[in-house]
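Going by the numbering used here, 110 is the number at position 18 of the sequence shown; the sequence numbering is gapless. Note that beta-carbon positions come from the ideal geometry of N, C-alpha and C, so glycine has one too. Step one of this worksheet: look at the structure below.
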Amino acid sequence: MDKPNNPITPHHTAPPTSPPQPDTPPSHSSTPIPPQPDTPLSHSSTLIPTSAQTQSHAQTVDSHTPIPINNSSQTMSTHPMVTRAKAGIFKPLERMNCHVTTTSPLPRSHAHALRDLHWKEAMLDEYNALISNRTWILVPRPTNVNVVRSMCLFKHKFKADGSLSRYKARLVANGRSQ
93 MDKPNNPITP HHTAPPTSPP QPDTPPSHSS TPIPPQPDTP LSHSSTLIPT SAQTQSHAQT
153 VDSHTPIPIN NSSQTMSTHP MVTRAKAGIF KPLERMNCHV TTTSPLPRSH AHALRDLHWK
213 EAMLDEYNAL ISNRTWILVP RPTNVNVVRS MCLFKHKFKA DGSLSRYKAR LVANGRSQ
């Protein structure tokens, strides 16, 4: 009997069973086959039409339509592994923050930094902290000594939620002139 390509009605078939075995003792080289259950193992079924339904619906059904497979929405895994989804644990939905803040771009030199009020304040804070901590003392330059040059490094500091915390300027020694 030829199977038509068009699905019309569901048809469940039992899995094939093994042919009857003669009453002989099993050999040691073969392994016994466990009995097959009468119910299908899968929760999905394929729709196979009967020949009468195929003839009556042949004019309305296109032969190039795909065969739909009915997957049960209640598919439940039978393995013993517990997953977060099975335990009802899901990740929280990430919400977009539509609040936009603009930050001053990182300056490329101290001249650019002095033009921006935020970076100028950050540089003054760093300088005042170095003076108040007595990290170094400004003195006139001796004529017989090389001066170690310094430069500012600029960085944006952010809070844990991603918002801008402050503008950070750090005065460091330039290693090429030591």
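Kindly indicate which three-state DSSP category residue i falls into: helix, strand or coil?
i: A251; result: What sits at residue 251 in the sequence shown is Lys, not Ala. In the structure shown, K251 sits in coil (DSSP, three-state: anything other than H, G, I, E or B).
i: R258; result: strand
i: L230; result: coil
i: A179; result: coil
i: L206; result: helix
Mind checking residue i: buried by the 16 CB within 10 Å criterion, or exposed?
i: P184; result: exposed
i: Y219; result: exposed
i: A221; result: exposed
i: F246; result: buried
i: W228; result: exposed
i: N266; result: exposed
i: P199; result: buried
i: M173; result: exposed
i: A261; result: buried
i: A150; result: Confidence at A150 is low in this model, with a pLDDT of 49, below 50, so the placement of that residue is unreliable and no value is reported for it.
From what residue to what residue does the alpha helix (DSSP H) around residue i run?
i: I223; result: L209 to S224
When DSSP builds the beta bridges, which residues end up paired with residue i?
i: S242; result: A265
To the nearest whole angstrom, what separates the beta carbons of residue i and residue j, a pair I think is in contact under 8 Å?
i: A203; j: M215; result: About 11 Å separates the two Cβ atoms, so there is no contact after all.
i: C244; j: L263; result: 6 Å
i: D208; j: S224; result: About 24 Å separates the two Cβ atoms, so there is no contact after all.
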